[in-house]
Structure formats: structure tokens, C-alpha cells
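Enquirer: First the structure, then my questions, so here it is.
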């Protein structure tokens, strides 16, 4: 009687499929699919982001009630308002309105790990 053993090639495809599924869904895959991060104003409360843009360095801190603060390089603190929907994060400050084009969720927080705007990228500070 001949025994059939599974060789490395026979195991590679199922292992690769399992790995891709785990990376795609992550540990909280079902929860994220039902309620992705960054889609509600409450997802941002208390989060601080660092703006990464040419010739601009500042931090944005999101507050309760749809407000945010940002400090310019000269130390002056400014305020604005924000709204978050499933489609976009909108920041309104002084005479400027910025809308996100992408929010990156890492599966470990309700706040996005980074947010892309047309002119800048903001990354969540630890």
C-alpha cells in the first residue's frame, strides 16, 4: 500500500489563501466591514494627527462637538470644525475647506491611521 504525503507544493496554496484572508479581514474583519473606522465624528475625538506636507509642519487635535485645534509653527493655536461621514472627512478652518480623499484603517483603532487630502497626508500620532 502506497501512502500519499502532502508535499510543500500541496500545502502552499491553502496556506497562501489563509494568509491573504487574514490580511484582508484582519483580527476584527467582521466588525470593520460593518462599521469602518473614521466614519463618525466620535471616531476622531481625542486623536492627534501630524500633517506631512511640503513646507508645513503642524499637529491637529480633534475635540468633542465637531471641533479641532491646530497649532502653527509660530505657536498660535487656531480652531476649526469637522464632519465625518462614511464617504469623507471635512475640515473647515477660517476660509479653507479640506475634504479627505482616503482614510487608512489599520484594524487596531476607530481612528484612521492616516488620512489623505489633495495637498497633504496626515498621520495619527502615538
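In mature numbering (1 follows the signal peptide of the UniProt record, and there is no 0), the protein residues as written are -33 to -1, 1 to 93. All C-beta atoms, glycine included, are put in the ideal place defined by N, C-alpha and C. Since the structure is predicted, the reported quantities are computational estimates derived from the model, not experimental observations.
What is the DSSP secondary structure of residue 10, reduced to helix, strand or coil?
Expert: Note: residue 10 maps to helix in three-state DSSP.
Enquirer: Checking 9 Å against the spacing of the C-beta atoms, do residue 8 and residue 50 come in under that value?
Expert: In contact: residue 8 and residue 50 (Cβ atoms closer than 9 Å).
Enquirer: For the candidate residues 57, 91, 68, whose alpha-carbon lies nearest to that of residue 79?
Expert: The residue with the shortest Cα to Cα distance from residue 79 is 91.
Enquirer: For the beta strand (DSSP E) holding residue 77, just list the boundary residues, first then last.
Expert: From DSSP, residue 77 is part of no beta strand (DSSP E); its letter is neither H nor E.
Enquirer: What's the gap between the Cα of residue 88 and the Cα of residue 67?
Expert: The straight-line gap from Cα to Cα measures roughly 9 Å.
Enquirer: Taking the alpha-carbon positions, what's the residue 95 to residue 74 distance?
Expert: There is simply no residue 95 to check, as the chain begins at -33 and stops at 93 in what is shown.
Enquirer: What does DSSP give as the partner residue(s) for residue 46 in the beta ladder?
Expert: Paired residue(s): 36.
Enquirer: How close, in whole Å, do the beta carbons of residue 33 and residue 52 come, if the pair is a contact with beta carbons under 8 Å?
Expert: Not a contact, Cβ separation roughly 12 Å.
Enquirer: Indicate the three-state DSSP secondary structure (helix, strand or coil) for residue 31 in the structure shown.
Expert: Residue 31 falls in the helix class under three-state DSSP.
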